[in-house]
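**Student:** Residue numbers (the numbering used here), protein chains in the order written: chain A, 74 to 532; chain B, 932 to 1185. Virtual Cβ for every residue (Gly too), placed ideally from N, Cα, C.
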Amino acid sequence: MTMQRLSGWGRTAWTVADVINTTDENIMRSTLASVGKRGAIARGLGRSYGAAAQNAGGTVVEITSEHDPMGIDAVLDPISGILDVASSVSLDSILRMCVPRGWFVPVTPGTRFVTIGGAIASDVHGKNHHFDGSFGQHVLSMTVMLSSGEIVELSPETNPAWFWATVGGMGLTGIVIRASLQMLRIESSQVRVETERLANFDAVCDAMSGDGEDDSYRYSVCWVDLLATGSSMGRGVLTRGDHASAAEVDNSDPLHYDPRLRVSAPGWVPNGLLNKLSIKAFNEAWYRKAPSKRHVGMESIPAFFHPLDGVNKWNRLYGPQGFIQYQFIVPLDRTDVLRKVIETFSSAGVASFLAVLKRMGPQNLAPLSFPTEGWTLTLDMAAGTKGLAELLASVDSMVLDAGGRHYLAKDSHVAPSAVRRGYPRFEEWMSTRDAMDPAGLWRSDLARRLGLVDPRRNS
Amino acid sequence: MKNGVGVAQNIVLFGGTSEIGQVILRRVVKPGVSRLVLVSRDIDAANRVSQELVGAHPELDVHHVRYEASDAASMEHVVAEVADSIGDIDIAIVAQGLLNEGADYYTNPADLVEMVNVNFTGEMVLLYALASRMRGQGYGKIVVLSSVAGERVRRGNPVYGATKAGLDGFALALDHELDGSGASVLVVRPGFVTTKMTTGMKKAPLSTNPEAVAQIVEKGIATDKKVVWAPAPLHWMFLILKNLPIAIWRRLPI
Chain A
74 MTMQRLSGWG RTAWTVADVI NTTDENIMRS TLASVGKRGA IARGLGRSYG
124 AAAQNAGGTV VEITSEHDPM GIDAVLDPIS GILDVASSVS LDSILRMCVP
174 RGWFVPVTPG TRFVTIGGAI ASDVHGKNHH FDGSFGQHVL SMTVMLSSGE
224 IVELSPETNP AWFWATVGGM GLTGIVIRAS LQMLRIESSQ VRVETERLAN
274 FDAVCDAMSG DGEDDSYRYS VCWVDLLATG SSMGRGVLTR GDHASAAEVD
324 NSDPLHYDPR LRVSAPGWVP NGLLNKLSIK AFNEAWYRKA PSKRHVGMES
374 IPAFFHPLDG VNKWNRLYGP QGFIQYQFIV PLDRTDVLRK VIETFSSAGV
424 ASFLAVLKRM GPQNLAPLSF PTEGWTLTLD MAAGTKGLAE LLASVDSMVL
474 DAGGRHYLAK DSHVAPSAVR RGYPRFEEWM STRDAMDPAG LWRSDLARRL
524 GLVDPRRNS
Chain B
932 MKNGVGVAQN IVLFGGTSEI GQVILRRVVK PGVSRLVLVS RDIDAANRVS
982 QELVGAHPEL DVHHVRYEAS DAASMEHVVA EVADSIGDID IAIVAQGLLN
1032 EGADYYTNPA DLVEMVNVNF TGEMVLLYAL ASRMRGQGYG KIVVLSSVAG
1082 ERVRRGNPVY GATKAGLDGF ALALDHELDG SGASVLVVRP GFVTTKMTTG
1132 MKKAPLSTNP EAVAQIVEKG IATDKKVVWA PAPLHWMFLI LKNLPIAIWR
1182 RLPI
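1. Using the beta-carbon of each residue, which ones in chain A are nearer than 7 Å to Met1006 (chain B)?
2. Given this structure, state the Cα-to-Cα distance separating Asn201 (chain A) from Pro182 (chain A), to the nearest angstrom.
3. So Leu991 (chain B) and Leu969 (chain B) are in contact, right, with Cβ under 8 Å, and what is the actual spacing, rounded?
4. Of the residues A:Pro489, A:Val342, A:Tyr122, A:Leu473, which one's Cα is nearest the Cα of Gly495 (chain A)?
5. Report buried or exposed for His211 (chain A), applying the criterion of at least 16 other Cβ atoms within 10 angstroms of its Cβ.
6. Near Leu245 (chain A), what residues of its chain come up, given a Cβ to Cβ distance below 8 Å and the 5 sequence neighbours on each side ignored?
7. Just mark His1107 (chain B) as buried or exposed, buried being the case when its beta carbon has 16 or more other beta carbons within 10 Å.
8. Would you mind listing the beta strand (DSSP E) stretches within the stretch 109–148 of chain A that are 3+ residues and don't spill past its ends, in chain order?
9. Using Cβ-Cβ distances below 9 Å, what residues of the stretch 1108–1139 of chain B are close to chain A?
10. Given 8 Å as the limit, is there contact between the stretch 274–287 of chain A and the stretch 166–184 of chain A, that is, 3 or more CB pairs closer than that?
11. Note down, in chain order, each residue of its chain lying with its Cβ closer than 6 Å to the Cβ of Ala456 (chain A), except the 5 sequence neighbours on either side.
12. Report the neighbours of Gly83 (chain A) on chain B: residues whose CB is nearer than 7 Å to its CB, in chain order.
13. To the nearest whole angstrom, what separates the beta carbons of Ser318 (chain A) and Glu260 (chain A), a pair I think is in contact under 8 Å?
14. Should Thr417 (chain A) and Ser467 (chain A) be called a contact, given that it needs their Cβ atoms to be closer than 9 Å?
15. Between Ile951 (chain B) and the rest of its own chain, which residues show a CB-CB distance below 8 Å, the 5 nearest in sequence each way excluded?
16. Spatial neighbours of Pro375 (chain A) within its chain, please: C-beta separation below 6 Å, excluding the five flanking residues on both sides.
17. Starting from the beta carbon of Gly1069 (chain B), find every residue of chain A whose beta carbon is closer than 8 Å, and list them in chain order.
18. Let's test the definition: count the other Cβ atoms within 10 Å of the Cβ of Tyr1037 (chain B) and tell me whether it reaches 16, buried, or not, exposed.
19. Which residue comes first and which comes last in the beta strand (DSSP E) that contains Arg493 (chain A)?
20. Consult DSSP for Asn941 (chain B) and reduce its assignment to one of helix, strand or coil.
21. Identify whether Met1128 (chain B) lies in helix, strand or coil by the three-state DSSP scheme.
22. Secondary structure at Ala462 (chain A), three-state DSSP: helix, strand or coil?
23. Assign Arg1086 (chain B) to buried or exposed, taking buried as 16 or more other Cβ atoms, counted over all protein chains shown, within 10 Å of its Cβ.
24. Hey, quick one: how far does the beta strand (DSSP E) through Lys1072 (chain B) stretch, first residue to last?
25. So with CB distances below 9 Å, who are the chain B contacts of Leu514 (chain A)?
26. Apply the 10 Å Cβ neighbour rule to Met256 (chain A) and answer buried if 16 or more other Cβ atoms are within range, or exposed otherwise.
27. Given a cut-off of 9 Å on the beta-carbon distance, is the pair Phe499 (chain A) and Leu441 (chain A) in contact?
28. For Ile1024 (chain B), count neighbouring Cβ atoms within 10 angstroms of its own Cβ and tell me buried if that reaches 16, exposed if not.
29. Output yes or no for whether 9 Å exceeds the beta carbon distance between Pro404 (chain A) and Gly477 (chain A).
30. Quick one: what does DSSP say Lys362 (chain A) is sitting in, helix, strand or coil?
31. Can you confirm whether the stretch 263–272 of chain A touches the stretch 300–316 of chain A when touching is taken to mean that 3 or more C-beta pairs between the two stretches lie within less than 8 Å?
32. Please confirm whether Arg966 (chain B) and Val1009 (chain B) have their CB atoms less than 9 Å apart.
33. Can you tell me the Cα-Cα spacing of Ala424 (chain A) and Lys483 (chain A), whole angstroms?
34. Using DSSP with H/G/I as helix, E/B as strand and the rest coil, what is Ser532 (chain A)?
35. Whose C-beta lies closer than 7 Å to the C-beta of Ser166 (chain A) among residues of the same chain, with five residues either side of it excluded?
36. Tell me whether Glu999 (chain B) sits in a helix, a strand or coil according to DSSP, three-state version.
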């Protein structure tokens, strides 16, 4: 074990913990047996933006297998497409293994550098949420190590309460050891993408609304220019598509997959490089680059699903003070709130390099799963932005008053009350959690800040 | 816990009635701060301070702890009492201190002992107790109100200058010692600050006010600085003053 300074992907709120890197169940078990009163939490590739996978003054069990000389611990049934995989394995490794064989992950977030354990604990979603739901809905079963060291098998059939408390449970119910996933059959590694430029916020909402044609696309997401004002406020570029058939791909090897990293962000980027001016210029160029008329083209899996993964360590672009990502959801009929939030950010001059709007499908059975029917907006901003705490607090109230909620895997600032208001089944989750972990061993910085664990126990 | 936008949930002020301390609180208490502890000798006076803050932040949960800043032996217990009431200490602002400008230590040596106990001995033991707790937490920030008076001790108030010189050196070394623990110390070196402590005194060059100091402290916490000067140009002024030959230093009207 070594003392290590950790943060999330946003590189804010660093704390120090005892970190042990292992995929060995016996080592995990003996580590848990010797954990002190500040508890333990599992960590994967550290892609959640806030403090979900760090534990100040406690223990962090880092479970990754990126450099395992034995290769990846996963078995794919080529007939059923069921993948039996260790929690340490990343979506990146799975895609490398499975895409050439004609299988795709059922759900991928904007980065493929997440582990299976992290994907389940955050119940990640992707551009297909309105079509396929979130990650946990494709998990057939999983094994979980409880704080006692005991390993239990959970599935929606055998132990639904514990299974769904673990899906989206932010690692606070136990350590996911293995999972069995239903993969998606694909004929090619290309995505047929329709790109459309939309002149303002109303056009964006119309194009993505459920009454429109959006439901006929498996993948759909809209990039929004938060710095555009006046009549072009909320303008965007909508991209929608589905996996291309083999016949559509003009290639002798339609399943060829080569996700090479292109460049690395340097380590010396100063605070403030991504500022209002540079982002405004980028947004303008990005918007103009998109065709003004609907355009259909082919894109590779990395280009369509993981564009940011092309830049290794892109989180450094915000400089040493780091950045925060803000993602919330409001019900479908509350586009007024969405508009108000966008106006609030753009009039405060908050520059967001990435702002993405998506219409989500129905909520699954997990009490702490973020996606629910509605509009989700995701934006990121420099953590050092002046007056950010006050600005976000006012936006938080708008979101919560409208019956919305915040995504815990990205959260880095909301108040404890935001979880209780945003997630009506929170108390139910807490009691399941307490039953799974009577010793109160699991804790993370996120859990401490939001009171996701019993505050009377230790600290 | 601290959050991603630089807001700490649990803040403690030692020297709960200190004017600079209060002004710093007004700046660092913002949405996201949930618990505040004022540690002071006079709880009634500290209560008046907290009422104003609660007025501006109704969700704020305020606790009071009584202590004697000169009582070094009690510090460990005081810090434990604070932690019992709020859990982790995210930011501790240590603003206890006496100035005793114009005191005559020849006739009142007891005043000298009292000042050393408050400004140096008591505070040093307090800082150790805080550092030990924050080391266990894996994070935490201690803000120490030092003074430029410790940079080069002047004839006008030698005991004050000497306590600040000692405290400042100790605090910097403590931060060094905490390296890698997640906890850290911010040393604040204000120049002449116009407060009730300095009423009636002649203003020194580059004098400042509590609001300006608080602003600098807030920024120093956010950017994880080791030392901040208030105002910033004092840094350069003292680089010169510190290195003046004694003969010249003694001729300066300060």
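**Tutor:** By the coordinates alone:
1. The residue you call residue 1006 (chain B) lines up with position 75 of the second sequence. Within chain A, no residue has its CB atom less than 7 Å from the CB of Met1006 (chain B), the nearest being about 20 Å off.
2. Numbered from 1 along the first sequence, position 128 holds the residue referred to as residue 201 (chain A). Numbered from 1 along the first sequence, position 109 holds the residue referred to as residue 182 (chain A). Each residue's alpha carbon lies about 10 Å from the other.
3. Here residue 991 (chain B) corresponds to residue number 60 of the second sequence, with the count starting at 1. Here residue 969 (chain B) corresponds to residue number 38 of the second sequence, with the count starting at 1. A Cβ-Cβ distance of about 11 Å is found for the pair Leu991 (chain B) and Leu969 (chain B), leaving them out of contact under the 8 Å criterion.
4. On the first sequence, position 422 is the one that residue 495 (chain A) refers to. Nearest of A:Pro489, A:Val342, A:Tyr122, A:Leu473 to Gly495 (chain A), Cα basis: A:Leu473.
5. Position 138 of the first sequence, counted from the start, is the residue given in the question as residue 211 (chain A). By the 10 Å Cβ count, His211 (chain A) comes out buried.
6. In the first sequence, the residue the question calls residue 245 (chain A) occupies position 172. Result list for Leu245 (chain A): Ile114, Arg506, Asp510, Trp515, Arg516, Ser517, Ala520, Leu525, Val526, in chain order.
7. Locating residue 1107 (chain B) in the second sequence gives position 176, counting from the first residue. Classification for His1107 (chain B): exposed.
8. Every beta strand (DSSP E) stretch that sits fully inside the stretch 109–148 of chain A and reaches 3 residues is listed by chain position as 113–116, 132–135.
9. Within the stretch 1108–1139 of chain B, Gly1111, Ser1112, Gly1113, Ala1114 place their CB atoms closer than 9 Å to a CB of chain A, listed in sequence order.
10. Three or more beta-carbon pairs separated by less than 8 Å are not found between the stretch 274–287 of chain A and the stretch 166–184 of chain A, which leaves the two stretches without contact.
11. Start at 1 with the first residue of the first sequence, and residue 456 (chain A) comes out as number 383. Cβ within range, chain order: Thr85, Gln394, Gly395, Phe396, Ile397.
12. Within the first sequence, the letter at position 10 stands for residue 83 (chain A). Proximity of chain B to Gly83 (chain A) at the Cβ level (cut-off 7 Å) is accounted for by Gly935, in chain order.
13. Working through the first sequence from its first residue, we reach residue 318 (chain A) at position 245. Working through the first sequence from its first residue, we reach residue 260 (chain A) at position 187. Taking a contact as a CB-CB distance under 8 Å, the pair Ser318 (chain A) and Glu260 (chain A) counts as one, their CB atoms being some 5 Å apart.
14. Taking the first sequence and counting its residues from 1, one reaches residue 417 (chain A) at position 344. Taking the first sequence and counting its residues from 1, one reaches residue 467 (chain A) at position 394. Taking 9 Å as the cut-off, the beta carbon of Thr417 (chain A) is found closer than this to the beta carbon of Ser467 (chain A).
15. In the second sequence, the residue the question calls residue 951 (chain B) occupies position 20. Within the same chain, Cβ atoms closer than 8 Å to the Cβ of Ile951 (chain B) are found at Ala1026, Leu1076, Pro1121, Val1124, Thr1126, Pro1141, Val1144, Ala1145, the five residues on either side in sequence being excluded.
16. Start at 1 with the first residue of the first sequence, and residue 375 (chain A) comes out as number 302. Excluding residues within five positions, the ones whose Cβ falls inside 6 Å are Pro332.
17. Here residue 1069 (chain B) refers to the residue found at position 138 of the second sequence. The answer, in chain order, is Thr88, Val89, Ala90, Arg111, Asn128, Ala129, Gly130, Gly131.
18. Taking the first residue of the second sequence as 1, we reach residue 1037 (chain B) at position 106. Exposed, because fewer than 16 other Cβ atoms sit within 10 Å of the Cβ of Tyr1037 (chain B).
19. Along the first sequence, one-based indexing puts residue 493 (chain A) at 420. Arg493 (chain A) -> not in any beta strand (DSSP E); alpha helix (DSSP H) instead, spanning 489–495.
20. Locating residue 941 (chain B) in the second sequence gives position 10, counting from the first residue. Three-state result, Asn941 (chain B): strand.
21. For the purposes of this step, residue 1128 (chain B) is identified with residue 197 of the second sequence, where counting begins at 1. Looking at Met1128 (chain B) - three-state DSSP - the assignment turns out to be helix.
22. For the purposes of this step, residue 462 (chain A) is taken as residue 389 along the first sequence, with counting starting at 1. Helix.
23. Sequence index remark: in the second sequence, residue 1086 (chain B) carries index 155 (1-based). It counts as exposed.
24. Counting from one through the second sequence, the residue named residue 1072 (chain B) turns up at place 141. Per DSSP, Lys1072 (chain B) belongs to the beta strand (DSSP E) from 1071–1076.
25. Along the first sequence, read from residue 1 onward, the residue named residue 514 (chain A) stands at position 441. Residues of chain B passing the Cβ test: none, with the nearest at roughly 16 Å.
26. As a first step, residue 256 (chain A) is located in the first sequence; it is residue number 183 there, counting from the start. With 16 or more Cβ atoms within 10 Å of its Cβ, Met256 (chain A) is classed as buried.
27. On the first sequence, residue 499 (chain A) is found 426 positions in, with the first residue counted as 1. On the first sequence, residue 441 (chain A) is found 368 positions in, with the first residue counted as 1. A distance below 9 Å separates the beta carbons of Phe499 (chain A) and Leu441 (chain A).
28. Walking along the second sequence from the start, residue 1024 (chain B) turns up at place 93. By the neighbour-count rule (16 or more Cβ atoms within 10 Å), Ile1024 (chain B) is buried.
29. Indexing the first sequence from 1 puts residue 404 (chain A) at position 331. Indexing the first sequence from 1 puts residue 477 (chain A) at position 404. Yes, the Cβ-Cβ distance between Pro404 (chain A) and Gly477 (chain A) is below 9 Å.
30. For the purposes of this step, residue 362 (chain A) is taken as residue 289 along the first sequence, with counting starting at 1. Under the three-state reduction of DSSP, Lys362 (chain A) is assigned to helix.
31. When C-beta atoms of the stretch 300–316 of chain A are compared with those of the stretch 263–272 of chain A, three or more pairs fall below 8 Å, so the two segments count as touching.
32. The sequence position of residue 966 (chain B) within the second sequence is 35, counting from 1. The sequence position of residue 1009 (chain B) within the second sequence is 78, counting from 1. It is not a contact, given that the beta carbons lie outside the stated cut-off.
33. As a first step, residue 424 (chain A) is located in the first sequence; it is residue number 351 there, counting from the start. As a first step, residue 483 (chain A) is located in the first sequence; it is residue number 410 there, counting from the start. Taking the Cα positions, Ala424 (chain A) is about 18 Å away from Lys483 (chain A).
34. Locating residue 532 (chain A) in the first sequence gives position 459, where the first residue counts as 1. In this prediction, Ser532 (chain A) has a pLDDT of 44, which is less than 50 and means its spatial position is unreliable; nothing more can be read from the coordinates.
35. As a first step, residue 166 (chain A) must be located in the first sequence, where it is residue number 93. Spatial neighbours of Ser166 (chain A) in its own chain (CB-CB distance under 7 Å, excluding positions within 5 residues in sequence) are listed in chain order as Ile145.
36. Indexing the second sequence from 1 puts residue 999 (chain B) at position 68. Per DSSP, reduced to three states, the secondary structure at Glu999 (chain B) is coil, with no helix or strand assignment.
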